[in-house]
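*Asks:* Take a look at this one; I'll ask things after.
There are 2 protein chains.
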Amino acid sequence: MQHPAAEHDLRDPHGPYDPYQPPPKATTLAEVARHAGVSPSTVSCVINGKRNISPPTRLRVQAAIDELGYLPHAGARALASSKSRIVALAVPLRADLYVPAMMQIAIAVTTAARRHDHDVLLITNHEGPEGIRRVAGTGLADAVILMDVELHDERIAVLRELGVAASLIGLPADPEGLPCVDLDFAAAGALAADHLADLGHRQVAFIGMGEGVYRRRTGFAERTRSGFEDRCRERGLRAIHRPCDSTYDGAAGVLARVFEDRPGTTALVVQNEAMIGPLLGLLRSSGREVPQDVSVLAIGPDEPAARQSSPRLTSIGLPAHDLGHRAVELVLGENAGEPGVIMLPPRLAVWESTAEPPGG
Amino acid sequence: MQHPAAEHDLRDPHGPYDPYQPPPKATTLAEVARHAGVSPSTVSCVINGKRNISPPTRLRVQAAIDELGYLPHAGARALASSKSRIVALAVPLRADLYVPAMMQIAIAVTTAARRHDHDVLLITNHEGPEGIRRVAGTGLADAVILMDVELHDERIAVLRELGVAASLIGLPADPEGLPCVDLDFAAAGALAADHLADLGHRQVAFIGMGEGVYRRRTGFAERTRSGFEDRCRERGLRAIHRPCDSTYDGAAGVLARVFEDRPGTTALVVQNEAMIGPLLGLLRSSGREVPQDVSVLAIGPDEPAARQSSPRLTSIGLPAHDLGHRAVELVLGENAGEPGVIMLPPRLAVWESTAEPPGG
DNA sequence: TTGTATGCGTTATCAT
DNA sequence: ATGATAACGCATACAA
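As you go down the protein sequences, you meet chains A and B in turn.
Residues in the first sequence are numbered consecutively from 216, following the working numbering.
Residues in the second sequence are numbered consecutively from 216, following the working numbering.
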């Protein structure tokens, strides 16, 4: 009765396409064993590589598996081994975050997880921290990866309480006991300052994320800013910082204020990737050529996007791929669980949007 | 031995934070039953609402569940019920697709699935169609949702072969037997033509997706185009169509060619959402005001983005939320599996980027 | 190197 | 309205 329609599946060749094909009920490990003339445990071990199987039997078993198109039942495996081979990925819902980067990280996590023979379950903040409790508590997932970690993230307490394997993409205030990976935003800020200083700029502006980002999760935004400002001080650069919301008008306002307050500004460092396009457009229409009149350096965009704009952007990209892969490695890899903080070094890609300052 | 570290978990108060808390081994249904003084089957039925339970016992059981913090083991459930309560979401990897929309749909699918007490498993095209075979064959997922469906999508054959519950976001050439949901792009094209005709435009240009999109998956792009062109003909509009790759320089080239070939063009319909920003910038810097000199109508952006640009865009948004929810409904809802094609009606949001043609 | 037997935690089919 | 019990399909400790 699992497939009610099978009852009147009389294979009437006239009727329209009948979606209810009698689903070839899955073959089981026991059937494979019989087919290969071995015991169930042997088949199991062939599949999981748990013990030395003589080449001849291994071959017979493998043949049977292929022939019958056998696929082990995930639920049964999870029950018997108490391992679901699923890692939960907690994604944010925030509107003020750069979505393409999130997606890239999610995809990187998924492909990396597959390499470790795991699948990825999506959980959203919609469920709140309880979502984590649920997937871990039911044994649905045996590892959790947190994206977009805030400085004081309420999900972290749940992770600690449950003692579930986990890794964080982002750096919380207290990473104690939890492996983390993030771009070293402080170093990125410093690197940006260095690049501009090297080119001879003396007065620069940092156009940051929206104010809400600073209020809530001062993490990466704050680190970038201070890394940048510290290095500016060391190199004798005059720097100002302006938060920038993700709207065209917001960007326009910020840009106007920057050149009003500091007319001598010759370079912009932009962290709000969503606003890079608008800013370039605004600069152009206000008669400032990039990079002849003003240099632009982006922090955090995905690299393909940076290379698609015009002029091609000098930028410190967000290593979405690495972030995802490392997060998986941290939670499923060799020394999984080793609490440690991995700060990925920023890489500066110099293209066309930065140059010496005018008259520099 | 499941948690080797427990051996040397001597609760040394000196040592640093020890991540290996003896994980409170999950309580089982049997324990709940004992705690409540009922049989396991009763507990099971309370949880699944499978039979009439007297209010008093239901309460006792519920109390026991809460008290023990019981969470049913997902694997055991899946094994016993042969239902995983997981729906697999097959996401594309393509670079030429609008990522924010994909992410929005994925999130909509996830929240909708939760409403039906299901979780969402991510599978990428990285695995190819075999990924679907795997998750369905192992019983990991008992339903599959395909995103970014191509006209002749190889994944569809797998779905039919397996007879797995499925729904498609997008419209393939032959949807026979598979429930689909998509924006009615033909109607969207027609609606765009109507709006411009109503405003008095006589010569318009359709700036489409990259050529690769047309070659591969002529689906939505082709439907939009023909819906637009047909209606233009009916309304006496002169229309041209130009594909447009997702690069700034590509957009610049296309725009230049359009006004070269048809200097009298007074309106642009843009389907490549990623290029809307650049196009607006290009128009501005080429001295054309929007909408005074040229109207711009976007097809397919997410609505928040359309309202953030400047001028705010008149647009026919992609109903990401609806698409995701409907797809879930189609595969998990009341009359799940009913093969049917749902074409969501386009909604035109009129803002600031369209107006009467100059001198119109 | 391989086979046997038991248990994993739930659901579902019987009884009562 | 509730209880006993047999699957569910696999992994694994143990025996051979």
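Ideal Cβ placement from N, Cα and C applies to all residues, glycine included.
None of these values were measured; they are calculated from a predicted model.
Any idea which residues DSSP pairs residue 302 of chain B with across the strands?
*Replies:* Looking at the DSSP assignment, residue 302 of chain B forms a beta bridge with B:335, B:358.
*Asks:* Helix or strand or just coil, what does DSSP make of residue 562 of chain B?
*Replies:* Coil at residue 562 of chain B, not helix or strand.
*Asks:* May I have the straight-line CA-CA distance separating residue 400 of chain A from residue 360 of chain A, to the nearest angstrom?
*Replies:* Cα to Cα, residue 400 of chain A sits roughly 20 angstroms from residue 360 of chain A.
*Asks:* Does the contact criterion of 3 or more C-beta pairs under 8 angstroms hold for the region 373-383 of chain A versus the region 400-419 of chain A?
*Replies:* Touching, no, given that fewer than three Cβ pairs across the two stretches are closer than 8 angstroms.
*Asks:* In terms of residue numbering, what span does the beta strand (DSSP E) encompassing residue 457 of chain B cover?
*Replies:* Start and end: 453-457.
*Asks:* Alpha carbon to alpha carbon, what distance is there between residue 554 of chain B and residue 545 of chain B?
*Replies:* If I take the Cα positions, the gap works out to 9 angstroms.
*Asks:* Residues of chain A with CB under 9 angstroms from residue 322 of chain B, in chain order?
*Replies:* Result: 306, 308, 337, 339, 341.
*Asks:* Could you round the C-beta distance between residue 304 of chain A and residue 355 of chain A to whole angstroms and report it? I think they count as a contact, below 8 angstroms.
*Replies:* About 13 angstroms separates the two Cβ atoms, so there is no contact after all.
*Asks:* How would you list, in chain order, the residues of chain A whose beta-carbon sits under 8 angstroms from the beta-carbon of residue 513 of chain B?
*Replies:* The contacting residues do not exist; residue 513 of chain B stays about 14 angstroms from chain A at best.
*Asks:* So with CB distances below 7 angstroms, who are the chain B contacts of residue 314 of chain A?
*Replies:* Chain B residues near residue 314 of chain A: 314, 315, 318.
*Asks:* For residue 529 of chain B, name the three-state secondary structure that DSSP assigns.
*Replies:* In this structure, residue 529 of chain B counts as strand in the three-state DSSP scheme.
*Asks:* Of all the CB atoms in chain A, is at least one closer than 7 angstroms to the CB of residue 288 of chain B?
*Replies:* True, the Cβ-Cβ gap to chain A drops below 7 angstroms.
*Asks:* Residues of the region 548-569 of chain B with a CB closer than 8 angstroms to any CB of chain A: list them in chain order, please.
*Replies:* Per Cβ criterion, the list reads 552, 554.
*Asks:* Check residue 399 of chain A in the structure and name its three-state DSSP category.
*Replies:* Looking at residue 399 of chain A - three-state DSSP - the assignment turns out to be coil, as it is neither helix nor strand.
*Asks:* With a 10 Å radius around its C-beta and 16 neighbouring C-beta atoms as the bar for buried, classify residue 507 of chain B as buried or exposed.
*Replies:* Classification of residue 507 of chain B: exposed, given that the 10 Å Cβ count is below 16.
*Asks:* Taking Cβ to Cβ, would you say residue 347 of chain B is nearer than 7 angstroms to residue 373 of chain B?
*Replies:* Taking 7 angstroms as the Cβ cut-off, residue 347 of chain B and residue 373 of chain B qualify as a contacting pair.
*Asks:* With a 10 Å radius around its C-beta and 16 neighbouring C-beta atoms as the bar for buried, classify residue 274 of chain B as buried or exposed.
*Replies:* When all chains shown are included, residue 274 of chain B counts as exposed.
*Asks:* Tell me, to the nearest whole angstrom, how far the beta carbon of residue 470 of chain B is from that of residue 495 of chain B; I am working on the premise that it is less than 8 angstroms.
*Replies:* With 8 angstroms as the limit, residue 470 of chain B and residue 495 of chain B do not qualify as a contact, their Cβ atoms being about 10 angstroms apart.
*Asks:* To the nearest whole angstrom, what separates the beta carbons of residue 487 of chain B and residue 447 of chain B, a pair I think is in contact under 8 angstroms?
*Replies:* Not quite, the Cβ-Cβ distance comes to about 19 angstroms (not below 8 angstroms), so this is no contact.
*Asks:* DSSP on residue 167 of chain A, reduced to helix/strand/coil?
*Replies:* Here chain A covers residues 216 to 575 and nothing more, so residue 167 of chain A does not appear.
*Asks:* I'd like to know whether the C-beta atoms of residue 509 of chain A and residue 481 of chain A end up nearer to each other than 7 angstroms.
*Replies:* Going by C-beta atoms, residue 509 of chain A is nearer than 7 angstroms to residue 481 of chain A.
*Asks:* Which same chain residues end up closer than 8 angstroms to residue 566 of chain B when comparing Cβ atoms and leaving out the 5 residues on each side of it in sequence?
*Replies:* Within the same chain, residue 566 of chain B has close Cβ partners 521, 522, 526, 527, 528, 529, 530.
*Asks:* Which chain A residues sit within Cβ distance under 8 angstroms of residue 463 of chain B?
*Replies:* Those within 8 angstroms of residue 463 of chain B in chain A are 523, 524, 525.
*Asks:* Residues of chain A with a CB under 7 angstroms from the CB of residue 291 of chain B: which are they?
*Replies:* Those are 294, listed as they occur along chain A.
*Asks:* For the region 249-276 of chain A, list every residue whose C-beta sits within 9 angstroms of some C-beta in chain B, in sequence order.
*Replies:* For the region 249-276 of chain A, which is checked against every Cβ of chain B, not one residue is closer than 9 angstroms.
*Asks:* Identify whether residue 366 of chain A lies in helix, strand or coil by the three-state DSSP scheme.
*Replies:* In this structure, residue 366 of chain A counts as coil in the three-state DSSP scheme.
*Asks:* With a threshold of 6 angstroms on Cβ separation, who are the neighbours of residue 556 of chain A within its own chain once the five nearest residues in sequence on each side are excluded?
*Replies:* Around residue 556 of chain A: 390, 395.
*Asks:* Which residues of chain A have a Cβ atom closer than 9 angstroms to the Cβ of residue 496 of chain B, listed in chain order?
*Replies:* Residues of chain A passing the Cβ test: 492, 493, 495, 496, 497, 499, 500.
*Asks:* Using a Cβ-Cβ distance under 7 angstroms, would residue 161 of chain B count as near chain A?
*Replies:* Not covered by the structure: residue 161 of chain B. The range shown for chain B is 216 to 575.
*Asks:* Looking at chain A, is there any beta carbon in it that lies within less than 7 angstroms of the beta carbon of residue 334 of chain B?
*Replies:* Yes, residue 334 of chain B counts as interfacial toward chain A.
*Asks:* I need the DSSP call for residue 294 of chain A, collapsed to helix, strand or coil.
*Replies:* The answer is helix: DSSP assigns residue 294 of chain A an H, G or I state.
*Asks:* Please report whether the beta-carbon of residue 572 of chain A lies at a distance below 7 angstroms from any beta-carbon of chain B.
*Replies:* Taking Cβ atoms only, chain B never reaches closer than 7 angstroms to residue 572 of chain A, which makes this a no.
*Asks:* Pick out whichever of B:409, B:375, B:478, B:539 has its Cα sitting closest to the Cα of residue 398 of chain B.
*Replies:* When each option's Cα is compared against that of residue 398 of chain B, the closest is B:539.
*Asks:* Taking the Cβ atom as the reference point for each residue, do residue 472 of chain A and residue 455 of chain A lie within a distance shorter than 7 angstroms?
*Replies:* It is not a contact, given that the beta carbons lie outside the stated cut-off.
*Asks:* Name, going along the chain, the residues of the region 353-364 of chain B whose beta-carbon falls closer than 7 angstroms to a beta-carbon of chain A.
*Replies:* Residues passing the 7 angstroms Cβ filter: 353, 354, 355.
*Asks:* Look at the Cβ atom of residue 465 of chain A, then the Cβ atom of residue 386 of chain A, and state whether they are nearer than 7 angstroms.
*Replies:* No, the pair does not count as a contact, with Cβ atoms beyond the cut-off.
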